[in-house]
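Keeping their order, the protein sequence lines are chains A and B.
Positions in the first sequence are counted from 1; adding 942 to them yields my numbering.
Positions in the second sequence are counted from 1; adding 179 to them yields my numbering.
Input: a single structure, listed below in structure tokens.
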Amino acid sequence: MIGRTFLLRHPSVMVFIALLALFTVGATVLSEGFGIGLISTSFVKTLGKTLCLCLIAIAMDLVWGYCGILSLGHFAFFGLGGYMIGMWLMYERTKSIVVEQLDAAPLPPTPEEVREAIGSQIFGVVGGSDIPAIWMFADSLIIQLALVVLVPGLLALVFGWLAFRSRVTGVYLSILTQAMTLALSLYLFQNDSGLRGNNGLSGLQNIPGAERISQDIVSIWFLWASALALGAGYLFAAWMVSGKFGNVVRGIRDDEARVRFLGYNVEAYKLVVFTVTAVIAGIAGALYYPQAGIINPAEIAPIASIYLAVWVAIGGRGRLYGAVIGAALVSLVSTWFTSGQAPDIPLGFYTIEWVDWWLVLLGFGFVLVTLFAPQGLGGLVDALVRNRQTVAVPPAAAVKPVEKASEAT
Amino acid sequence: MSSLLEVAGVSVTFDGFRAINDLSFEIGAAELRAIIGPNGAGKTTFMDIVTGKTRPDEGRVDYGEPPRSLLRMSESEIARAGIGRKFQRPTVFEQQSVRDNLMMALRNDRAPFGVMFWRAGEADVDKVGELAEEIGLADELDRMAGELAHGQKQWLEIGMLLAQDPKLLLVDEPAAGMTLGEREHTTDLLKRAAETRAVVVVEHDMEFVRRLECKVTVLHEGSVLAEGSLDHVTANQDVIDVYLGR
Ligand SMILES: Nc1ncnc2c1ncn2[C@@H]1O[C@H](COP(=O)(O)OP(=O)(O)O)[C@@H](O)[C@H]1O
Ligand SMILES: [Mg+2]
């Protein structure tokens, strides 16, 4: 599917994969689990989570930067992916604890007793002890993994089908996606949603069957898995937009009526892009939350999806590495400011506390990028590469038609 | 003569204003036809109806052999059935190369997954080369369409139409903003295209229409005022009054 010629034609993809591999090896060498212990396990987790955010940023770039659909609901798919894997993690972990406790009793426990004990362990906090029907497959890793893909995918398919079929576009579509993620988060906040209301799912960092293995090691596993997913996602996205499919999708962004009159079913294309990116978001979420350790409905509040759009805008939409740069930079800086690591600035009459003022700074940065680098930070990278090429390449070679990098729209 | 497109008794109202009023129109399978008429006569709206962009309030639009109604088909279905359209303002994909513009228009599988796995074969590359030659853009294949001169964009759009290999071509004011030389080239292109398919050209410029040497339909206030050779319609008193006399 992705051949050697594809990589040769798209050097930026190879550069990205190489940098990602370098980063992963570097982080491993510096880690506590496998290396010299220069970076803490919690920072390894931050890095791993950042890779997942880069992956959902790629999805956002595909749907918005390439296809022109400003979805402000993709974090709903991210959260659903997290919930689906979280159900298995929490269920199996609780089960092993429960079985251990019951084994101490004189009589071996019946399966009903085990189920009841799991139910009251997990759902006691929302005043229940019955295991809801949606947890039917929670003991099967295979099925929950399938649901990581299927649940976001199906929601996107149905939502997209309804929205695109009625030709909802532009700001109306953005509002509709906000409504979707808001509705989902409000629903999950309810105690009887079956997913523990505002408590969400917790203890997700403990991997069933690997309880004895230290988090120093597990964090590195997840870092690798996240890097692998990001690399595969990047390759897939680059492949998808490199051929005629990418041209049609960019055509839809620039002039969808014209694409229609060429005989392409614009709604079908939008639906494919919307659904595929929802699935990518779900996978990213399924890798993120085991590293975060906890997921609750606040994670899919409407604002989360708006931040996602801001990352991609700052990074530069319509170029995949732009999305990655934006997501990595803004989310890491945001962690630094909001976790209280940034020193507060005392002004005498007032103290700037970054936990509150970070958003102002982000908004300011967003305005600056919009004004002075409308192509985003990725656009600056483009300009840099172009400059060096015009200096380095002798004129005779420059005249020859060079294979154009189709990411560089 | 059996007709390729038959429009009968079609009317369209925009907010109470009748833009098309009981319009009837027919064209054969390999025919060149010019439509003229003052601004606001409904020429563009007529194309909107045939291509599915605007739905008429009443009337029939039948196309093909055996005739099928276009009124229930979507824009993309109509395009796939063989009706190509050139817009009044040149609309090409400015951020893509001339080659990519033509490739996208080339008659091939249009379904999303088919397109995702599609890669240009030798036949496709040759076809694009031929088309580029025909529209005079053979040296510009790697340029961004947005960098082309106005007239070149018009040709690129005509090239994209030809790439679709349509049975019916609707061309809205192709010569607008072109120099004399460019106009002649455009006339040749259209005449050649009409040898194997039906071509409808909307145009303001009388000299351009004269060079097309074809039957002319005069539109006025949404219906047909006169039809026939250019000399015939320009001699018609009604036509002189509403259009030429101004
Ligand atoms: N979508 C629309 N809404 C309202 N009025 C329209 C619309 N499209 C066209 N019209 C009106 O219909 C009439 C015919 O327009 P048009 O077909 O563009 O004329 P032409 O192409 O012959 O100059 C004009 O008076 C125009 O203002
Ligand atoms: Mg017009």
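Here a beta-carbon is modelled for each residue, glycine too, at the ideal position from N, C-alpha and C.
Computed from a predicted model, the values in this text were never measured in an experiment.
Cβ shell of residue 1082/A (< 8 Å), same chain only, five flanking positions each side left out: In its chain, beyond the 5 residues on either side, 1030 have a beta carbon closer than 8 Å to the beta carbon of residue 1082/A.
Is residue 267/B near ligand 2, going by C-beta to nearest heavy atom under 6 Å? In this structure, residue 267/B has its CB closer than 6 Å to one or more heavy atoms of ligand 2.
Helix, strand or coil for residue 248/B, going by three-state DSSP, please let me know. Residue 248/B sits in a strand when the DSSP states are folded into three classes.
Could you check whether the Cβ of residue 291/B sits closer than 7 Å to any Cβ belonging to chain A? So yes, residue 291/B belongs to the interface.
Would you call the stretch 308-326 of chain B in contact with the stretch 274-284 of chain B, where contact means no fewer than 3 C-beta pairs closer than 8 Å? For the pair of segments examined, the stretch 308-326 of chain B was found to touch the stretch 274-284 of chain B: the number of CB pairs separated by less than 8 Å reaches three.
So is residue 1050/A buried or exposed if we call it buried at 16+ other beta carbons inside 10 Å? Burial check for residue 1050/A: the Cβ neighbour count within 10 Å stays below 16, so the residue is exposed.
Which two residues bound the contiguous alpha helix (DSSP H) that contains residue 1306/A? Per DSSP, residue 1306/A belongs to the alpha helix (DSSP H) from 1296-1314.
Using the beta carbon as the reference atom, which residues fall closer than 5 Å to any heavy atom of ligand 1, ordered along the chain? Answer in sequence order: 193/B, 198/B, 218/B, 219/B, 220/B, 221/B, 222/B, 223/B and 224/B.
From residue 996/A to residue 260/B, what distance separates their C-alpha atoms? Going by the C-alpha atoms only, they are around 42 Å apart.
Give the range of the alpha helix (DSSP H) segment to which residue 1184/A is assigned. Counting along the chain, the alpha helix (DSSP H) containing residue 1184/A begins and ends at 1157-1184.
Anything in chain A within Cβ reach of residue 279/B, meaning under 7 Å, just list it in chain order. 1189, listed in chain order.
Chain-ordered neighbours of residue 272/B on chain A, where CB pairs are closer than 9 Å: Against chain A, the beta carbon of residue 272/B has neighbours under 9 Å at 1189, 1192, 1193, 1196, 1197, 1200 and 1201, listed in chain order.
Using Cβ-Cβ distances below 7 Å, what residues of the stretch 289-313 of chain B are close to chain A? Taking 7 Å as the Cβ-Cβ cut-off against chain A, the residues of the stretch 289-313 of chain B that qualify are 289, 291, 294, 295, 297 and 298.
Residue 263/B bridges to which residues according to DSSP? 348/B.
Backbone CA spacing between residue 325/B and residue 271/B [nearest angstrom]: Here the alpha carbon of residue 325/B sits roughly 8 Å from the alpha carbon of residue 271/B.
Proximal chain B residues relative to residue 1115/A, where beta-carbon distance stays under 8 Å: Those do not exist, as residue 1115/A stays about 19 Å from chain B at its closest Cβ, beyond 8 Å.
Quick one: using the 10 Å Cβ neighbour count with 16 as the cut-off for buried, is residue 1177/A buried or exposed? Answer is buried; the Cβ neighbour count reaches 16.
Regarding residue 200/B and ligand 3, is the C-beta to nearest heavy atom distance less than 6 Å? You won't find ligand 3 in this model; what it holds is ligand 1 and ligand 2.
Let's see if you can read the secondary structure: which residues bound the alpha helix (DSSP H) around residue 422/B? For residue 422/B, there is no enclosing alpha helix (DSSP H), since its DSSP letter is neither H nor E.
Any idea if residue 336/B is buried or exposed, counting beta-carbon neighbours within 10 angstroms, 16 or more meaning buried? Residue 336/B counts as buried, since at least 16 other C-beta atoms from the protein chains shown sit within 10 angstroms of its C-beta.
What are the complete alpha helix (DSSP H) segments, minimum 4 residues, inside the stretch 1079-1116 of chain A? Complete alpha helix (DSSP H) runs here, min 4: 1083-1107.
Just the Cα atoms here: how many angstroms apart are residue 1109/A and residue 1012/A? Distance between the alpha carbons of residue 1109/A and residue 1012/A: 14 Å.
Any beta-carbon of chain B closer than 7 Å to the one on residue 1205/A? Taking Cβ atoms only, chain B reaches closer than 7 Å to residue 1205/A, which makes this a yes.
Coil, strand or helix - residue 392/B by DSSP: Residue 392/B: coil per DSSP, three-state reduction.
Check residue 1290/A in the structure and name its three-state DSSP category. Coil at residue 1290/A, not helix or strand.
Identify the continuous alpha helix (DSSP H) that holds residue 1064/A and give its terminal residues. Annotation for residue 1064/A: the continuous alpha helix (DSSP H) segment containing it runs 1053-1065.
Is the beta carbon of residue 1216/A closer than 7 Å to that of residue 1125/A? Here residue 1125/A is not near residue 1216/A, since their CB atoms are 7 Å or more apart.
With which residues is residue 193/B paired in a DSSP beta bridge? According to DSSP, which records beta bridges pairwise, residue 193/B is partnered with 196/B.
Counterpart residues of residue 182/B in DSSP-defined beta bridges: Answer by DSSP bridge pairing, in chain order: 207/B.
Taking DSSP's pairing of strands, which residues face residue 378/B in a bridge? For residue 378/B, which the question treats as bridged, DSSP gives the partners 211/B and 348/B.
On a Cα-Cα basis, can you pick out the residue from 192/B, 227/B and 243/B that is closest to residue 207/B? Nearest neighbour of residue 207/B by Cα position, chosen from 192/B, 227/B and 243/B, turns out to be 243/B.
C-beta neighbour in chain A for residue 336/B, strict 7 Å: Taking Cβ atoms only, chain A never reaches closer than 7 Å to residue 336/B, which makes this a no.
Tell me, please, which residues DSSP counts as bridged to residue 239/B. Residue 239/B is bridged by DSSP to 187/B.
State the Cα-Cα distance for the pair residue 1134/A and residue 1303/A, rounded to the nearest angstrom. Straight-line spacing of the CA atoms in residue 1134/A and residue 1303/A works out to 39 Å.
By a C-beta neighbour count over all protein chains shown, 10 Å radius and 16 as the cutoff for buried, is residue 1137/A buried or exposed? Burial call: buried.
Check residue 271/B in the structure and name its three-state DSSP category. DSSP, reduced to helix, strand and coil, places residue 271/B outside both helices and strands of the structure shown, so it counts as coil.
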